[in-house]
Every structure is written in structure tokens, then in C-alpha cells.
Amino acid sequence: MATYKKRGYKPKNKAEEVEQTEDNSTTAEVFNTLDEGASRTEEWVAANQKYILGIVGLIAAVVLGYLGYQKFIQEPKEQEAANEMFQAQQYFDNAVNGNSVVRDSLYILALNGGEGKYGFLEIIENYGSTKAANLANYYAGFSYLNMNKYQEAISYLDNFKSDDEMLGPLALGGIGDAFSQLDQVEEALGYYEQAANLKTNEFTTPKFLLKAAITALAVNKPEVAITHLERIKEEFPKSVEANQADVHLGRALAM
Numbered sequence: 086m087a088t089y090k091k092r093g094y095k096p097k098n099k100a101e102e103v104e105q106t107e108d109n110s111t112t113a114e115v116f117n118t119l120d121e122g123a124s125r126t127e128e129w130v131a132a133n134q135k136y137i138l139g140i141v142g143l144i145a146a147v148v149l150g151y152l153g154y155q156k157f158i159q160e161p162k163e164q165e166a167a168n169e170m171f172q173a174q175q176y177f178d179n180a181v182n183g184n185s186v187v188r189d190s191l192y193i194l195a196l197n198g199g200e201g202k203y204g205f206l207e208i209i210e211n212y213g214s215t216k217a218a219n220l221a222n223y224y225a226g227f228s229y230l231n232m233n234k235y236q237e238a239i240s241y242l243d244n245f246k247s248d249d250e251m252l253g254p255l256a257l258g259g260i261g262d263a264f265s266q267l268d269q270v271e272e273a274l275g276y277y278e279q280a281a282n283l284k285t286n287e288f289t290t291p292k293f294l295l296k297a298a299i300t301a302l303a304v305n306k307p308e309v310a311i312t313h314l315e316r317i318k319e320e321f322p323k324s325v326e327a328n329q330a331d332v333h334l335g336r337a338l339a340m
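Note that the sequence shown covers residues 86 to 340 in this note's numbering.
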């Protein structure tokens, strides 16, 4: 077993003298190895200094380029896209809340533009890398859905990506509605379930759980419907959908 020896310790016998000599030799070898390693590293750095500086410069250029792109290109582009889309959003809101006689005309203006401003489709085409273009996919999808153009609705809503508490589930639910209208009921059920599970909140979750349950009944899957309806009753007892759950639950249990 190794023992600690104080500085200046003198060996008591020949064996300890040999041991101390070996310890000193090992320590010297360690330091020599470290010195040699450091020297080799210094030599390598000196020999490859040009390449190292080149790599560091390249990294700096990439970082500065990215920051410059964000500041001087992407941010102004985001602002320009948002300004362009304002009029299209106005058309969309008026279509949703206005007279049904002119509703489709307003959706068309929202999609194609008017009063010298881009519509959602042009925003998507011309500002594809912006948040505004992503949001334009959402509006375009629901414009087509409300005009009964279901394939187009699916295409644009599928291109919309969001972690938003409401918009993400609503887009998936909109795809479910489009598939339902196309009588592709299994696909509709899958999207309603995705919409219900993407984010948990008091509005979209019970809304799409109920749609999923009703759709499950339509494809003769009462056990799936029961699971969704019981979840509504347990987790969202104060929701509007909870008031309807018992009726559909009775249908499911009778199947």
C-alpha cells in the first residue's frame, strides 16, 4: 500500500531508498510526457496556424452573415409580408362574419388579393420563408374549406405549421372536416383525434373529441367513441360538448 511521505523525507533503509528513486523517476516521466505532448501540440498549431485562422474566420463569417441576414433581410421581409396580408385578413374576417350572399366573393378576394394588395396565395408564393406566409396557409385552407373546395383546403392546412394552443388543433380539425365532406371518414377520424390530442384546452380538445366520437360511430367503432365521450365527461364536464356526450354515449353502448 502506498504511504504519504513528507517533503524532505529520508529513506530508512535500502528498500525505501529504491522505492523513493522509482517514485521520483515515475514523476519525472509523467512531466516529461506532458512536456512532450505540449510541445507537439504547439508545433501542430504553429504548422497549421493558417488553416486554424481560416476555420475561425469562416465560422465568424457564417455567424455574422446569419445575423446580418436576419436583421437586414428577413426582418424587413417579415414586416412587408405582414403589411401586405392585412387587407386579405380583412376580407377573410368579413366573409366569416358577413352576408352569406357575398361570402364566396370575399373569400376569393382574400385568396387572390384586392385594392392593390396581395391575397393569401401571393403571400405564400412571394414570402414563403416568413411567418406571415405560414399563417397565410391557415387562412387559405379555411377559405377553401368554407367554399367547399376540400382538396385545396387539405393541401393548404397541411402546409400550416404551428405550436399555437388554438391554431394548431384548429388546422388539424379543419383537415378532418374536409376529409369528412369527401366521405373519407377514416382519415377524418384520424385528424380529429390528432386535433384533440395536439394541445389540451377547454375549447379545442372537447370540440374534436366529440367530432372524433361521432365519426367513430359512423365507421362502427363504438369502443373508440366511448373512450372519447367518457374523456369529455371526465375532463371537460363544463364544456358544451359534455351536454351532448350522454346522447352519443347511449348510441355507442347500444351498438
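The beta-carbon is built from N, C-alpha and C at its ideal position, and this holds for glycine as well.
Item                                                                                                                       : Value
Burial state of Glu169 (16 or more Cβ within 10 Å)                                                                         : buried
Residues of its chain near Tyr224, where Cβ-Cβ distance is below 6 Å and the 5 sequence neighbours each way are ignored    : Phe177 and Phe205
Nearest residue (CA-CA) to Ile260, options Thr312, Thr285, Lys296 and Pro291                                               : Lys296
C-beta neighbour in chain C for Val309, strict 8 Å                                                                         : Within the model displayed, chain C is absent; a lone protein chain is all it includes.
Neighbour-count burial assignment, Gly258, 16 or more Cβ in a 10 Å radius                                                  : buried
DSSP three-state assignment for Lys202, whether helix, strand or coil                                                      : strand
Euclidean distance between Cα positions of Asp268 and Glu160                                                               : 43 Å
4-residue-minimum alpha helix (DSSP H) runs that sit fully inside the stretch 215 to 259, ordered along the chain          : 216 to 231 and 235 to 244
Cut-off 7 Å between Cβ atoms - residues of its own chain near Thr215, not counting five sequence neighbours on either side : Lys162, Glu163 and Ala166
Nearest-angstrom Cβ-Cβ length linking Leu196 and Asn179, presumed shorter than 8 Å                                         : Rounded, the Cβ-Cβ distance is 13 Å, inconsistent with contact.
Where Phe321 sits in the DSSP three-state scheme                                                                           : coil
Residue burial classification, Asn222 (beta-carbon count within 10 angstroms, cutoff 16)                                   : buried
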